[in-house]
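Using full-length UniProt numbering, you'd call the opening residue of the sequence shown number 1 and step up by one each time.
Beta carbons are placed, not taken as given, at the ideal position from N, Cα and C, and that holds for glycine.
Notes follow once the structure below has been shown.
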Amino acid sequence: MSDPQQIDPAGNTQAFRAFAQRKDPEAAPEQRSLALPITVAVVVAVLVIAAVVAYLLL
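Here is the structure:
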């Protein structure tokens, strides 16, 4: 059985919020958004495919 003197932090809202909001120095750094590089790569790929198709048809 669990010790009755021990308090479960999940049962205490204030303790849980403190746990959830703490900054962990060992946590992985925030990832940069990859939306712009992926968009640029897709646009370049479409342009290359269009250029190859135009070359083959003309």
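Checklist line | For L56, the three-state DSSP class (helix, strand or coil) | finding: helix
Checklist line | Simplified DSSP assignment, three categories, for R22 | finding: coil
Next item on the list: Return the CA-CA distance between Q21 and L47, expressed in angstroms with no decimal places.
Entry: 45 Å
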